[in-house]
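As structure tokens, the structure follows; a few thoughts come after it.
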Amino acid sequence: MEQSKLAALVQEMTLTEKVDQLLQLAADFYSQAAEEKTGPMTEMGLTDENIQNAGTILGLSGASEAKRIQKEYMEKNRLGIPTLLMADIIHGFRTIFPIPLALGSSWDLAAAEEMAQVSAKEAAVSGLHVTFSPMVDLVRDPRWGRVMESTGEDPYLNARFAESFVKGYQGDDLKNDFSRVAACVKHFAAYGAALAGRDYNTVNMSERQLRESYLPGYKAALDAGAKLVMTSFNTIDGIPATGNKWLFRDVLREEYDFDGVVISDWGAVKELIPHGVAADEKEAAQLAIEAGVDIEMMTTCYTHYLAELIAEGSVDESLLDEAVLRILELKNDLGLFENPYRGASVADEKVILSTEHRQAAQEIAKKSMVLLKNDENILPLSATETVAIIGPAANSHDVLGAWSWQGKMEEAVSLVEGAQVYSQHLLVGKEVFDYFAPSDAAINEAILLAAKADKVVLALGETEWMSGEAASRSDITLPAAQIALFEDIKKVNDQIIVTLYNGRPLDLNGIDSAKALVEAWFGGTETGNALAAILWGDYNPSARLSMSFPESVGQVPIFYNCDNTGRPYESAPKEKYVSKYLDVSNYAKYPFGFGLSYSQFSYQDFVLDQTELTKDSQIKATVTLTNNSETAGTETVQLYIQDLVGQVVRPIKELKAFQQVELAGKESRKVSFTITEDMLRYVHKNQAVTSDKGTFLAMVGPNSRDLTAVRFNLVK
1173 MEQSKLAALV QEMTLTEKVD QLLQLAADFY SQAAEEKTGP MTEMGLTDEN
1223 IQNAGTILGL SGASEAKRIQ KEYMEKNRLG IPTLLMADII HGFRTIFPIP
1273 LALGSSWDLA AAEEMAQVSA KEAAVSGLHV TFSPMVDLVR DPRWGRVMES
1323 TGEDPYLNAR FAESFVKGYQ GDDLKNDFSR VAACVKHFAA YGAALAGRDY
1373 NTVNMSERQL RESYLPGYKA ALDAGAKLVM TSFNTIDGIP ATGNKWLFRD
1423 VLREEYDFDG VVISDWGAVK ELIPHGVAAD EKEAAQLAIE AGVDIEMMTT
1473 CYTHYLAELI AEGSVDESLL DEAVLRILEL KNDLGLFENP YRGASVADEK
1523 VILSTEHRQA AQEIAKKSMV LLKNDENILP LSATETVAII GPAANSHDVL
1573 GAWSWQGKME EAVSLVEGAQ VYSQHLLVGK EVFDYFAPSD AAINEAILLA
1623 AKADKVVLAL GETEWMSGEA ASRSDITLPA AQIALFEDIK KVNDQIIVTL
1673 YNGRPLDLNG IDSAKALVEA WFGGTETGNA LAAILWGDYN PSARLSMSFP
1723 ESVGQVPIFY NCDNTGRPYE SAPKEKYVSK YLDVSNYAKY PFGFGLSYSQ
1773 FSYQDFVLDQ TELTKDSQIK ATVTLTNNSE TAGTETVQLY IQDLVGQVVR
1823 PIKELKAFQQ VELAGKESRK VSFTITEDML RYVHKNQAVT SDKGTFLAMV
1873 GPNSRDLTAV RFNLVK
């Protein structure tokens, strides 16, 4: 539909019809079972007219249901406007992929794009039009449960993944490619910086920090074409995001030139009241519409009070009209006026959880699992070794992670099931092993099996509900019963390989003496097959952490790109009066970018082709990478830069580029990066983004800790 026709359609709508376009309701309101909607309908003060005209629907699934609801909706809607169907498709629809934090650890942008493309295909054929993804919130505190939805602690890496997710979801022709869905970037802004890692908590930071570290991920997603933005629950400079006019009108609309749809998170408009910036729903409605929130999710402040605010002159009707137009434009961008059922097809639902999709999930899971420790090269395992697979996660199908909305645990592969492909010498218990309070019978059986084995794979970790939204934890160690089990097993067999299922970096105290550690995260539907392939050497691990693991929870938030201090620890680590702890080091146990391989890589001869850089020139940085082993493998070569003197304090290092390099056994190769002036820019005191002349360090290596440095100068 042409733009002029959309504008004319807005003018043809009544005030009530326009207000209802801004309402998003859950799928229950469109259920054929009347009792499912009667209670909520009465509680929210909604009429049948509100429901039949509500512009968007949340959480519906299934092609048949989608087509039924769309048909009935358009028949009842006076102007025949189609509805929009949205849902949280975060790391897979029915075929579940690794959680985003694990995807970030793959450092594989093509893998992220493929995940999004497969997820979109399964969601679209099931009738959905919009996914509430990607979440690009920068995360530095693993106590926050929603770190599992982010790709980590680094602005540059997060931005690259944000682009890949959007491209995978939306493709190049969203209007005509019905295997794609519109992407909604969230949560704008800085939700990942909630104080103390407590969900929904206050965010308190400077505008400069917001712009430098937290906004780049959202901006990258928008530049890639994301159609929607979701508000965050937190405050920004004391003002809740959902009512923050500066954030959405000035930054998002004016600076970033975003003309798409802004949607609140669930209930966030009404939450302006308990935040204490609105006295009632009427004030909340005014704040949100003035801030530029187009869709109110699952509260009715707009429904009940927006028309009244317009009638009394408190809100200009043009604000309502522009919100409605943006919603209609999104429906038009998806081709819904011409094809209201879009990709929904019962016949094509066979693509869901297809063999092809499961294989993609398995390959991406392999790329996402991080080998953290491998003392004495205890891994990979041999097919001839007797291996006991024990612990609460050994036979568990609880491997999908939070936000695996349509995923089914019974369709997931456990570690034991995956291991059976590689070995006939497995010792597996029959007792059900609880994560928190295992029975004496289960513990005794595990000890007996461990005593008989050459090596032990001890499968530990979190359950799904322990991470995700509203799953903040003050103690991020493993449950006490699991640490006790580790000690019991170690007494009879110290050849222990610990595998971990979890949605956040953990404090690993208590299992330090394991010979090997494999961070499997929540790896999705094919977790067991992927993890077994790594354990038995069918796949050489290549993942690198995208979020630091602390030495102790007392260090958090801990991240690699921290600012320097006036009394840096490195200047006198044995002195007291420097910035340090008395009881633990300043450093992460496993830093950002860290991960091992069954290959052994080395870096030599890091050189720059020149040591002076101008705005119009570039420096070529080259390092020789060698695979010293006989085993072919993939190394993620990382380039960091430090600005030694800036207008404001600069981070001690910042990731600026990376390359994944595959080398055969004993192969060497020169790996080059191009350094340009724009890589040296940062947010100054006046919020301008520019660079300063002076001296910089270029650093290269396998992670953010183990780096070789060379100096260069920016001259102007």
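Numbering (this note's numbering), first residue to last: 1173 to 1888.
Note that beta-carbon positions come from the ideal geometry of N, C-alpha and C, so glycine has one too.
In the DSSP assignment, K1545 falls within the unbroken beta strand (DSSP E) covering V1542 to N1546. Around the beta carbon of W1637, fewer than 16 other beta carbons lie within 10 angstroms, which makes this residue exposed. Spatial neighbours of D1326 in its own chain (CB-CB distance under 6 angstroms, excluding positions within 5 residues in sequence) are listed in chain order as L1827. Runs of the beta strand (DSSP E) lying entirely within the segment 1319-1379, each at least 3 residues long, are 1354-1360 in chain order. Apart from the 5 residues on each side of it in sequence, F1430 sits with its Cβ closer than 7 angstroms to the Cβ of L1394, V1401 and L1424 in its chain, given in chain order.
In this structure, the beta-carbon distance from I1730 to P1740 does not fall below 7 angstroms. The DSSP-derived three-state label of I1561 is strand.
Nearest neighbour of Q1196 by Cα position, chosen from V1449, K1391 and T1475, turns out to be T1475.
Looking at V1690, R1676 and G1682, the one whose alpha-carbon comes closest to that of I1669 is V1690. The beta-carbon distance between K1857 and Q1814, rounded to whole angstroms, is 20 angstroms. This is too long to meet the 8 angstroms contact definition. A1274 places its beta carbon 7 angstroms or farther from that of W1577.
With contacts defined by Cβ atoms closer than 7 angstroms, L1754 and V1882 do not form a contacting pair. Within the same chain, and ignoring the five residues on either side of Q1859 in sequence, the residues whose Cβ sits closer than 7 angstroms to its Cβ are E1379, R1380 and R1383.
Bounds of any alpha helix (DSSP H) do not take in Y1762, whose DSSP letter is neither H nor E. Put simply, of P1763, K1865 and T1303 the residue whose alpha carbon is nearest the alpha carbon of L1879 is P1763. Rounded to whole angstroms, the separation of the alpha carbons of K1787 and T1848 is 7 angstroms. Counting only runs of 3 or more residues that sit fully inside the segment 1430-1456, the beta strand (DSSP E) segments are 1433-1435, in chain order. The segment 1281-1293 makes no contact with the segment 1547-1558: fewer than 3 CB pairs, one atom from each, lie closer than 8 angstroms.
In this structure, G1700 sits near L1587, with a CB-CB distance shorter than 7 angstroms. Taking the C-beta atoms as reference points, Y1477 is found nearer than 7 angstroms to K1454.
By a beta-carbon distance limit of 8 angstroms, A1584 contacts T1697. Their separation comes to about 5 angstroms.
Note on the segment 1447-1513: whole alpha helix (DSSP H) runs with a minimum of 4 residues are 1453-1463, 1473-1483 and 1489-1505, in chain order. Under DSSP, M1307 shares a beta bridge with K1358.
Taking 7 angstroms as the cut-off, the beta carbon of F1773 is found closer than this to the beta carbon of N1799.
The count of Cβ pairs closer than 8 angstroms, one atom from the segment 1252-1270 and one from the segment 1289-1304, reaches three, so the stretches are in contact. The three-state reading of DSSP puts G1873 in strand, counting E and B together. In this structure F1608 is exposed. Its beta-carbon is surrounded by fewer than 16 other beta-carbon atoms within 10 angstroms. Around the beta carbon of K1358, a 10 Å sphere encloses 16 or more other beta carbons of the protein chains shown; the residue is thus reported as buried. Judged by DSSP secondary structure, M1851 falls outside any alpha helix (DSSP H); it is assigned neither H nor E. Rounded to the nearest angstrom, the gap between the Cα atoms of S1720 and I1706 is 22 angstroms.
Cβ-Cβ distances below 6 angstroms link E1834 to T1806 in the same chain, with the five nearest sequence neighbours on each side left out; the list follows chain order.
The three-state secondary structure of T1862, taken from DSSP, is strand. Across the set E1494, R1266 and L1572, the C-alpha of R1266 shows the shortest separation from the C-alpha of I1524. Only exposed fits V1604, as fewer than 16 other CB atoms lie within 10 angstroms of its CB. Close CB contacts of H1569 within its chain, under the 7 angstroms cut and outside five residues either way in sequence, are with M1581, E1582, A1584 and S1586 (chain order). When the alpha-carbon of N1712 is set against those of E1802, V1559, Q1654 and H1263, the nearest one is in E1802.
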